[in-house]
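Chemist:
As structure tokens, this is what we get:
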């Protein structure tokens with residue numbers, strides 16, 4: 004019985020640790036500037052106001068940043084899904100010399116942190132003439148999304164039974180047909196999970212966007228938010244509203260498919 | 107292959123740059139090991155190494171401890187386990203920049219904006235607000251807490267998966283032998299999780315040692331250099347002082363440690379795959 008109480012207590016404690024910060028910013032996003040400044044109605048906004056949301060939408064470049072973030076995340080997810088599915092399939096299923104080496108290289112490349120690469124990558128992108136445009140993000144984000152998603156998908160493809168594919172080949176299908184008609188539908192949960200990872204990683208990325216883009220109209224949301232805090236006037240409420248708006252789509256997406264994500268994570272990344 | 111090219115080429119450029127005194131707008135000049143020698147003698151850089159290690163080691167240790175607690179609690183939960191697991195993963199999918207902003211406000215000096223000050227003042231435990239972010243220890247605590255909050259759910263979920271893979275017979279055998287719960291935890295659960303613990307620790311070590319977002323957004327390395335770490339210092343030197351050669355050299359100093367961690371963790375992960 005005491006174990007039961009301890010575990011429920013633990014569950015509540017963890018839920019609070021996770022939820023309190025979210026509740027804090029959400030509650031602030033519905034307060035007026037004066038309510039925040041003079042610490043009235045600290046825990047629950049009273050009166051409740053939408054002014055931060057309307058102000059954010061009408062007076063800042065936030066809508067533009069949101070658009071940039073969305074375009075980047077969608078383009079990068081599309082590029083990543085195509086490359087990672089093909090290379091994941093190749094490494095898992097096609098026998099070619101050095102494929103173990105390729106598998107380990109993919110892993111090592113994924114593990115190299117962006118903080119090591121941003122200066123030289125900046126030079127490369129500057130030489131290509133793509134800095135200060137979203138193109139620089141389309142080119143640089145796959146350097147971390149592709150290795151990660153390929154690694155996940157190698158695991159998925161390896162786990163699928165080879166008999167199905169062989170049967171298709173025996174029946175006269177080409178390799179491409181076997182891949183598209185037989186394997187891809189089976190690997191769909193893995194591909195969806197890896198696409199969602201790619202989307203989340205690009206949506207949240209900060210360092211590359213900060214370094215590669217200077218024009219205020221080309222920024223993505225995370226860099227734009229960072230600009231807002233160090234601006235001349237502190238629009239606390241608007242910042243919180245922006246944080247809420249940015250978090251909601253990812254959380255919604257994730258609530259919808261979180262079991263897949265957890266399983267994808269366990270199958271592809273941690274347990275092998 | 108293209109992607110590997112996009113990584114390998116920059117890395118070799120990085121190594122080359124570290125041997126030059128490249129300033130933005132000037133051609134690069136080969137200076138041998140001068141950048142390395144300069145940094146070895148630089149007090150500011152010593153602080154950076156120390157901060158990076160404090161930041162990394164304390165975050166990772168906290169994550170392991172909390173992750174284990176979280177996994178035990180979830181493991182003991184039957185109803186609603188998936189719901190709570192999903193709930194607890196929320197910090198892990200939230201943008202790091204937003205997490206950093208949120209915790210900056212949680213630790214803010216003004217009641218009404220700062221959660222801790224509001225609560226402590228209301229509870230009568232404080233008579234005046236504390237400016238957490240203005241003291242070196244307070245700022246370091248704040249960045250560690252933010253990083254811990256972001257990372258522990260991943261540990262918890264991984265350990266939970268590990269615990270579910272431990273055969274129930276082992277626990278039954280231990281119970282029959284009269285082992286009390288904490289001994290079962292010590293002799294059955296922990297050894298069963300050893301592998302997952304090693305892998306998550308190494309992975310997080312690699313990414314925390316080079317964390318940029320949390321520190322940059324919360325403190326910009328301040329107050330003074332109290333929270334300046336490898337990545338933020340490298341950014342500061344390269345993009346504010348425009349000394350690219352030296353900026354790159356800073357991140358290269360972390361490479362031996364990183365390379366060791368990467369080699370170890372890839373061995374573990376690849377062995378899983380082939381087994």
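Chains as they are written, first to last, in my numbering: chain W, 4 to 275; chain Y, 107 to 381.
Glycine included, C-beta positions come from ideal geometry on N, C-alpha and C.
A quick note: this is a predicted structure, and the numbers were derived from the prediction, not measured.
Mapping DSSP to helix, strand and coil, what is residue 329 of chain Y?
Modeler: Residue 329 of chain Y falls in the coil class under three-state DSSP.
Chemist: In terms of alpha-carbon separation, which member of Y:163, Y:118, Y:116, Y:182 lies closest to residue 6 of chain W?
Modeler: Measuring from the Cα of residue 6 of chain W, the nearest candidate turns out to be Y:182.
Chemist: Tell me which same chain residues have a C-beta within less than 6 Å of the C-beta of residue 211 of chain Y, skipping the five on either side of it?
Modeler: 219.
Chemist: Leaving out the 5 sequence neighbours to the left and right, which residues in its chain are closer than 6 Å to residue 214 of chain W when beta-carbon positions are compared?
Modeler: Closer than 6 Å at the Cβ level, and outside the excluded window around residue 214 of chain W, lie 121, 125.
Chemist: Tell me, to the nearest whole angstrom, how far the beta carbon of residue 338 of chain Y is from that of residue 239 of chain Y; I am working on the premise that it is less than 8 Å.
Modeler: Contact doesn't hold; Cβ gap of about 15 Å is too wide.
Chemist: Spell out the partners DSSP gives residue 220 of chain Y in its beta bridges.
Modeler: Answer is Y:217, bridged to residue 220 of chain Y.
Chemist: Do residue 153 of chain Y and residue 354 of chain Y come within 7 Å of each other at the CB atom, strictly closer than that value?
Modeler: Result no, Cβ atoms of residue 354 of chain Y and residue 153 of chain Y do not sit closer than 7 Å.
Chemist: The stretch 53–80 of chain W: which residues have C-beta closer than 9 Å to a C-beta of chain Y, in chain order?
Modeler: The stretch 53–80 of chain W vs chain Y, Cβ under 9 Å: nothing.
Chemist: Below 8 Å between beta carbons is the criterion; list the residues of the stretch 220–231 of chain Y that meet it against any residue of chain W, in chain order.
Modeler: Residues passing the 8 Å Cβ filter: 221, 224, 228.
Chemist: Among the residues of its own chain, which have a CB less than 6 Å from the CB of residue 172 of chain Y, if the five just before and after it don't count?
Modeler: Answer for residue 172 of chain Y: 258, listed in chain order.
Chemist: Please report how far the alpha carbon of residue 260 of chain Y lies from the alpha carbon of residue 170 of chain Y, in whole angstroms.
Modeler: Rounded to the nearest angstrom, the two C-alpha atoms are 10 Å apart.
Chemist: Going by CA-CA distance only, name the one from W:211, W:164, W:241, W:102 that's closest to residue 135 of chain W.
Modeler: Looking at the Cα atoms, W:211 is the closest of the given residues.
Chemist: If you measure between the beta carbons of residue 209 of chain W and residue 319 of chain Y, is that distance less than 7 Å?
Modeler: Their beta carbons are under 7 Å apart, which means residue 209 of chain W touches residue 319 of chain Y by this criterion.
Chemist: My understanding is that residue 246 of chain W touches residue 28 of chain W, with C-beta atoms under 8 Å, so please give their C-beta distance in whole angstroms.
Modeler: Sure, about 5 Å apart at Cβ, within 8 Å.
Chemist: By Cβ distance, which residues of its chain are closer than 6 Å to residue 82 of chain W, with the 5 residues on each side in sequence left out?
Modeler: Closer than 6 Å at the Cβ level, and outside the excluded window around residue 82 of chain W, lie 145.
Chemist: In the stretch 45–80 of chain W, which residue ranges form an unbroken alpha helix (DSSP H) of at least 4 residues, counting only runs that do not cross its ends?
Modeler: Runs found: 54–62.
Chemist: List the residues that DSSP assigns as beta-bridge partners of residue 136 of chain Y.
Modeler: Y:126, per the DSSP bridge assignment.
Chemist: By the three-class DSSP mapping on this structure, what secondary structure does residue 385 of chain Y have?
Modeler: What is shown of chain Y runs 107 to 381, which leaves residue 385 of chain Y out entirely.
Chemist: Quick one: Cα of residue 179 of chain W to Cα of residue 332 of chain Y, how far?
Modeler: Spanning the two alpha carbons is a distance of roughly 56 Å.
Chemist: Counting Cβ pairs closer than 8 Å, one from the stretch 250–258 of chain W and one from the stretch 196–208 of chain Y, do we hit at least three?
Modeler: Result yes; three or more Cβ-Cβ pairs closer than 8 Å.
Chemist: Looking at the secondary structure, which residues open and close the alpha helix (DSSP H) in which residue 229 of chain W lies?
Modeler: Unbroken alpha helix (DSSP H) run through residue 229 of chain W: 224–232.
Chemist: Indicate whether at least one CB of chain W lies closer than 7 Å to the CB of residue 119 of chain Y.
Modeler: Answer yes: the Cβ-Cβ gap between residue 119 of chain Y and chain W drops below 7 Å somewhere.
Chemist: Quick one: what's got a C-beta closer than 7 Å to residue 224 of chain Y's C-beta in the same chain, skipping five residues either side?
Modeler: Contacts found: 217, 218.
Chemist: Quick one: residues in its chain with C-beta nearer than 6 Å to the C-beta of residue 248 of chain W, no 5 flanking neighbours on either side, listed in chain order?
Modeler: So no residue of the chain qualifies.
Chemist: Return the residues of the stretch 17–39 of chain W that lie within a Cβ-Cβ distance of less than 9 Å from chain Y, sorted by chain order.
Modeler: Going along the stretch 17–39 of chain W in chain order, one finds 17, 18, 20, 21, 22, 23, 24, 25, 27, 28, 31, 34, 38, 39 with a Cβ nearer than 9 Å to chain Y.
Chemist: Identify, in the order they occur along the chain, each residue of the same chain with its Cβ nearer than 8 Å to the Cβ of residue 39 of chain W, setting aside the five sequence neighbours on each side.
Modeler: Contacts found: 31, 239, 240.
Chemist: Cβ of residue 141 of chain Y within 6 Å of any heavy atom in the ligand HEM?
Modeler: This structure lacks the ligand HEM, and indeed carries no ligand of any kind.
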